[in-house]
Amino acid sequence: MGHLDPAALGWLTPALSYVMACTGAALGLRCTVRALAATGRSRRNWLVTAASAIGTGIWTMHYVAMLGFRAAGTDIRHDVPLTLLSPLVAMVVVCVGVFAVGYGHDRGRSLFVGGLTTGLGVASMHYLGMAAVRLHGDVTYDPALVMLSVLIAVVAATAALWAALNIESPVAVTLASLIMGAAVSGMHYTGMFAVSARLSPSAEALPGAAAMQFIFPLAVGLGSYLFLTSDFVALSPTTGQREASASAQRPVESVSP
5 MGHLDPAALG WLTPALSYVM ACTGAALGLR CTVRALAATG RSRRNWLVTA
55 ASAIGTGIWT MHYVAMLGFR AAGTDIRHDV PLTLLSPLVA MVVVCVGVFA
105 VGYGHDRGRS LFVGGLTTGL GVASMHYLGM AAVRLHGDVT YDPALVMLSV
155 LIAVVAATAA LWAALNIESP VAVTLASLIM GAAVSGMHYT GMFAVSARLS
205 PSAEALPGAA AMQFIFPLAV GLGSYLFLTS DFVALSPTTG QREASASAQR
255 PVESVSP
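With the numbering used here applied, the sequence shown covers 5 to 261.
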């Protein structure tokens, strides 16, 4: 068996990945809260933004953490098509989950379906990303730890969506995003501890791209998307603010004596 180190750069990659997970969670929760207060096309747009934020945050968290992944005696490469597919899968599955919450009439059922779907989207992104890893050797997984990582993802997603349904205070949403970020990071590293490999050191070139050549620029790009979208959401007026502004701009009817 070969030695695998999920955090060869020390606390740098876990800390940065946690920040990205929290940013995506906070943005997704704020967008979901905005969606629940909106109607029509506006609700749909907010929910799509929420799904893209959560999916992007999860993907960026995963690959920032993967920058610190090392295996003794072998290089590591990433299959480009699978790597590009993983965030799309995450966003689509998470979108189904947040739409279930955004348009569901039975809150309990919507929360169950939304949490389960969103959690499975988080887990599917992680394991699709791991399937894209190329190294000299055979990779296996501990089924118990895999199931535990999926359970963590589902519980974290359900808790986050519950917060979106029941909490509107920015401070409370921030606290919920910190908890969700910790849970998503915990899911990632639980999944990484589930990995073992029988390595076969070789001088043969591996297919795929190195993390710093491909993953790092993409992670920076998606991370920038998160921060820019966060600015947009922060500056965008809420439904109540728009209604108050519209009410203030209505002409006051003069009352004739």
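Glycine included, each C-beta is placed from N, C-alpha and C at the ideal position.
Nothing here was measured: the structure is a model prediction, and the numbers come from that model.
Which whole-angstrom value describes the C-beta separation of residue i and residue j, a residue pair presumed to lie in contact below a C-beta threshold of 8 Å?
{"i": "Ala201", "j": "Leu139", "result": "7 Å"}
{"i": "Ala94", "j": "Gly125", "result": "5 Å"}
{"i": "Arg81", "j": "Pro211", "result": "6 Å"}
{"i": "Met129", "j": "Ile62", "result": "6 Å"}
{"i": "Leu230", "j": "Ala57", "result": "6 Å"}
{"i": "Cys26", "j": "Leu182", "result": "6 Å"}
Is residue i helix, strand or coil when you go by DSSP?
{"i": "Thr43", "result": "coil"}
{"i": "Ser128", "result": "helix"}
{"i": "Ala11", "result": "coil"}
{"i": "Met109", "result": "In the sequence as displayed, the identity of residue 109 is His instead of Met. DSSP places His109 in coil when its eight states are reduced to three."}
{"i": "Leu139", "result": "coil"}
{"i": "Ala75", "result": "strand"}
{"i": "Ser200", "result": "strand"}
{"i": "Ala209", "result": "coil"}
Rounded to whole angstroms, what's the CA-CA distance from residue i to residue j? Just pull it up for me.
{"i": "Met184", "j": "Leu165", "result": "10 Å"}
{"i": "Met325", "j": "Ser173", "result": "The requested residue 325 does not occur in the structure, where the chain is confined to residues 5 to 261."}
{"i": "Leu179", "j": "Val199", "result": "31 Å"}
{"i": "Gln245", "j": "Arg111", "result": "Interpretation of Gln245 is limited by its pLDDT of 46, a score under 50 that renders its predicted location unreliable; no figure is taken from the coordinates."}
{"i": "Ala168", "j": "Val23", "result": "20 Å"}
{"i": "Leu152", "j": "Ala39", "result": "31 Å"}
{"i": "Leu92", "j": "Val37", "result": "23 Å"}
{"i": "Pro261", "j": "Ala41", "result": "Below a pLDDT of 50, predicted positions are generally treated as unreliable, and Pro261, at 48, falls in that range; the measurement from the model is reported next regardless. C-alpha separation (whole angstroms): 41 Å."}
For residue i versus residue j, is the C-beta distance shorter than 9 Å?
{"i": "Gly32", "j": "Val102", "result": "yes"}
{"i": "Ala157", "j": "Gly123", "result": "yes"}
{"i": "Asp83", "j": "Ala136", "result": "yes"}
{"i": "Gly190", "j": "Tyr131", "result": "no"}
{"i": "Cys35", "j": "Thr53", "result": "yes"}
{"i": "Val159", "j": "Ala187", "result": "yes"}
* Counting only runs of 3+ residues fully inside the segment 141-199, write out the beta strand (DSSP E) ranges in chain order. => Counting only runs of 3 or more, we get 141-145.
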